[in-house]
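Chains A and B, in that order, give the protein sequences. Going by this note's numbering, the first residue of the first sequence is number 1, and it counts up by one from there. Going by this note's numbering, the first residue of the second sequence is number 1001, and it counts up by one from there. Built from N, CA and C at the ideal position, the CB exists for glycine as well.
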Amino acid sequence: MGLWALLPSWVSATLLLALTALPAALGANSSGRWWGIVNIASSTNLLTDSKSLQLVLEPSLQLLSRKQRRLIRQNPGILHSVSGGLQSAVRECKWQFRNRRWNCPTAPGPHLFGKIVNRGCRETAFIFAITSAGVTHSVARSCSEGSIESCTCDYRRRGPGGPDWHWGGCSDNIDFGRLFGREFVDSGEKGRDLRFLMNLHNNEAGRTTVFSEMRQECKCHGMSGSCTVRTCWMRLPTLRAVGDVLRDRFDGASRVLYGNRGNNRASRAELLRLEPEDPAHKPPSPHDLVYFEKSPNFCTYSGRLGTAGTAGRACNSSSPALDGCELLCCGRGHRTRTQRVTERCNCTFHWCCHVSCRNCTHTRVLHECL
Amino acid sequence: MRPAPALALAALCLLALPAVVAAAAYFGLTGREVLTPFPGPGTAAAPAQAGAHLKQCDLLKLSRWQKQLCRREPGLAETLRDAAHLGLLECQFQFRQERWNCSLEGRTGLLQRGFKETAFLYAVSAAALTHALARACSAGRMERCTCDDSPGLESRQAWQWGVCGDNLKYSTKFLSNFLGPKRGSKDLRARADAHNTHVGIKAVKSGLRTTCKCHGVSGSCAVRTCWKQLSPFRETGQVLKLRYDTAVKVSSATNEALGRLELWVPAKPGGPAKGLAPRPVDLVYMEDSPSFCRPSKYSPGTAGRVCSRDTSCSSLCCGRGYDTQSRMVAFSCHCQVQWCCYVECQQCAQQELVYTCKR
């Protein structure tokens, strides 16, 4: 007994119910809110101080948390980079899943990827990883371009690097990109349950993939192109290369559970650990994507689940792979129609100066899921 | 009334079930096959085994006409079981990386449909039977046939040197009688099955080659002896797999001159306006295959299948993804020859990753 006994029972019950419901509501709304800034219109040449920037972009920035807004104020020019990175991530996601049942659909407005991000499935894991990678990649590149005032090239790489080469040029500042990415992207994850652990892990997997895919490039100097002196620098991978790696991680994602370390309460960080659902499976490494829910059925439209279905999708009738009609249409069959296409062909250059072409007409066969 | 060849080969496809069970029961986990020596005519054990093949014939799923042929020829029952086993192993090898991996589960449902996989089953079973029968002749397990006696190859000299050509001629002639008359049912499915059966037999024929051996002083080629020999059945399986990959879809068309149904390849949009008859080397099918991804009455699905991450996980797992397991594998390393004379090795352990399709 205690203070609770002094209150009427209905007050205690209501208060407990509110306390129980509140974290879940907050959690569901905060993950990935910052993706809504993907449509911010900005200009590279915009040179404004922090106050006027905040005033001009006030409505869109409401989607960011307070910490994220502070980070943007402290790093002038980085908002454009974050927004551009997010746009690149969306394009890369659509490319990597163009032949899958779930083809990374997006919608205008603050809920960029739809309801799928509220589930703990593999597709959500890829979304978090590719968006985190996109921001990290874009910020690191913007540092080298000089678009962000608070960072430059990675000048820590200086001096001799080996017996016959030395550091030079402009190494992409992946360390700043990772640091900012972690502070900015992860600050939206407020919670302690499995969903937030999953999101934090996948965000870090995206950043780690950008870091691990960096490559060293060199240039030779010397008389008549001889390689007496070589200058090397570290270069970011293309986002396509990062997307390829993450898509492979997506296929090999690990289904995880809370890892219970039992009596070890001294280290709280150790207590929150992700362990594979099947003990026979390999524990997820920092590079692996993790999930805890099975994917929904992407074959049919479902407003509740937020799936668009595969009806009307273009497919390849002669392919046994994922883009084939049998798999993409989920066995529902496909319709075939022919389309007359007129294209320019047999172009010739005439001096001087115009190009003349003929018009060729041929029939193209298209297959669509029923 | 003799049954259609379809029914005969369908039984042969199902024949693999008891054969595998018997093989597993008899040899345990070794998987090795011991060829039973054929008892000679004067052997004392002959009376005890006189009726053995009769009982074996009754155990097989054969038609009445085929059982008569089986009882008439001792050794045919054993050859039929060998053929079923050979066909099954080859089919499972050729499809080991595919979603349909020629599993016995779902075989019955598959044989009732006109898929590409059904066409391959008919072809590989006919090829295995042709191959096993030709080998049985040369091995002396059949009473009514011997070595290949082609007149052009001087078989008598080959016999003197101890070589024996595979008797493919007797094999194909016997099979045309065993599998039933060429003019079978007028059903489209029966005609397709007969066509695929002939594709299998033709694949074995194309693998027949002449092998020669030189004799003479110090290995000179003063005298050369040649005989016909079948290529290994693995090569026949590869040929049929290529035929499967390029199989053509057919429908029925009435031959107005002869007044009977014939197989017909419909015209494709953009191609020639008229349809074509399938070539004698093409496998034919009538229905598009299912995906074989989920458990169904045709296949057990691909959940839990082992795949190769870089090459086959993507298509084998149907987009469901793969799981990774890590296990320690022991192997011999740092082998050295100790005088005299044995090899001594150390035992090393290495971590190996295994990828399986998600459920």
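Got a sec? Which residues, its chain only, sit under 7 Å from Asn-1101 (chain B) by beta carbon, not counting five neighbours each side?
-> Gln-1092, Phe-1095
Residue of A:Arg-273, A:Ser-318, A:Thr-342 minimising C-alpha distance to Tyr-258 (chain A) | A:Arg-273
Residues near Leu-1175 (chain B) by beta carbon distance below 8 Å, same chain, minus five either side | Ala-1126, Leu-1129, Thr-1130, Leu-1133, Ile-1201
Do Val-1248 (chain B) and Pro-1295 (chain B) have their C-beta atoms within less than 7 Å of each other?
-> no
Classify Glu-1033 (chain B) as helix, strand or coil using the three-state DSSP reduction.
-> Model confidence at Glu-1033 (chain B) stands at a pLDDT of 29, short of 50, so the residue's coordinates are unreliable; what they give is reported in the following sentence. The answer is coil: DSSP assigns Glu-1033 (chain B) none of H, G, I, E or B.
Verify the CB distance criterion: does Asp-1245 (chain B) have a CB-CB separation below 7 Å to chain A?
-> no
Evaluate Ala-266 (chain A) with the Cβ neighbour count: other Cβ atoms within 10 Å of its Cβ, from every protein chain shown; 16 or more gives buried, anything less gives exposed.
-> Note that Ala-266 (chain A) scores a pLDDT of 47, beneath 50, so its modelled location is shaky and nothing firm can be said.
Would you report the Cα separation of Gly-1075 (chain B) and Ala-1119 (chain B), rounded to the nearest angstrom?
-> 28 Å
Compare the C-beta of Leu-322 (chain A) with all C-beta atoms of chain B and state if any pair is closer than 7 Å.
-> yes
Where Cys-1318 (chain B) meets chain A, residues with beta-carbon distance less than 9 Å = Leu-322, Leu-327
Can you find a CB in chain A that lies within less than 7 Å of the CB of Thr-1324 (chain B)?
-> yes
Which same chain residues, not among the five before or five after Thr-209 (chain A), have their C-beta less than 8 Å away from its C-beta?
-> Ala-129, Ala-133, Val-242, Val-245, Leu-246, Arg-249, His-287
Under 7 Å between C-beta atoms, does Gly-1114 (chain B) make it to chain A?
-> no
Give me the Cα-Cα distance between Ser-52 (chain A) and Leu-200 (chain A), rounded to the nearest whole angstrom.
-> Any reading at Ser-52 (chain A) needs caution, since the residue's pLDDT is 47, under 50, leaving its predicted position unreliable; the model's value is listed next. The alpha-carbon atoms of Ser-52 (chain A) and Leu-200 (chain A) are separated by roughly 33 Å.
Interface flag, Gly-1321 (chain B) vs chain A, CB-CB below 7 Å = yes
Near-chain B residues of the region 111-126 of chain A (beta-carbon distance less than 7 Å), N- to C-terminal order = Arg-122
Does Gly-252 (chain A) get closer than 7 Å to chain B when you measure Cβ to Cβ?
-> yes
Range covered by the alpha helix (DSSP H) that runs through Glu-1352 (chain B) = Counting along the chain, Glu-1352 (chain B) falls outside any alpha helix (DSSP H), though it belongs to the beta strand (DSSP E) covering 1342-1357.
Who are the Cβ neighbours of Ser-81 (chain A) in its own chain at under 7 Å, not counting the five residues just before and after it?
-> Ser-138, Val-139, Ser-142, Ser-147, Ile-148
Do Asn-99 (chain A) and Leu-322 (chain A) have their CB atoms nearer than 7 Å?
-> yes
Roughly how many angstroms separate the alpha carbons of Trp-34 (chain A) and Gly-188 (chain A), rounded to a whole number?
-> 8 Å
Please list, in chain order, all residues of the same chain as Ala-308 (chain A) whose beta carbon is under 7 Å from its beta carbon, the five residues on each side excluded.
-> Pro-105, Tyr-301
How do the region 223-239 of chain A and the region 156-164 of chain A stand: do at least 3 beta-carbon pairs fall below 8 Å, yes or no?
-> yes
Range covered by the alpha helix (DSSP H) that runs through Glu-204 (chain A) | 194-212
Can you tell me the Cα-Cα spacing of Gly-333 (chain A) and Thr-1236 (chain B), whole angstroms?
-> 34 Å
Between the region 1185-1196 of chain B and the region 1281-1296 of chain B, are three or more C-beta pairs nearer than 8 Å?
-> yes
Determine whether the Cβ of Ser-1251 (chain B) lies closer than 7 Å to any Cβ atom of chain A.
-> no
Apart from the five residues just before and just after Leu-1086 (chain B), which ones in its own chain have a Cβ nearer than 8 Å to its Cβ?
-> Ala-1128, His-1131, Ala-1132, Phe-1233
Residues in the region 1090-1113 of chain B having any Cβ partner in chain A nearer than 7 Å | none
Of all the residues that make up the region 1303-1316 of chain B, which are near chain D by a beta-carbon distance shorter than 8 Å?
-> The structure shown has no chain D; the protein chains it does contain are A and B.
How about Asn-203 (chain A) and Ala-125 (chain A): are their beta carbons less than 7 Å apart?
-> no
Within the same chain, show all residues whose beta-carbon is closer than 8 Å to that of Thr-1210 (chain B), passing over the 5 residues directly before and after it, in chain order.
-> Leu-1153, Cys-1226, Trp-1227, Lys-1228, Gln-1229
Tell me, please, which residues DSSP counts as bridged to Lys-1228 (chain B).
-> B:Thr-1210
From what residue to what residue does the beta strand (DSSP E) around Cys-1333 (chain B) run?
-> 1322-1338
Chain-ordered chain B contacts of His-367 (chain A) [CB-CB under 7 Å] = Going along chain B, no residue has its Cβ under 7 Å from His-367 (chain A), so there is no contact; the nearest lies around 11 Å.
Got a sec, what are the start and stop residues for the beta strand (DSSP E) Val-38 (chain A) sits in?
-> Where Val-38 (chain A) is concerned, there is no enclosing beta strand (DSSP E), given that its DSSP letter is neither H nor E.
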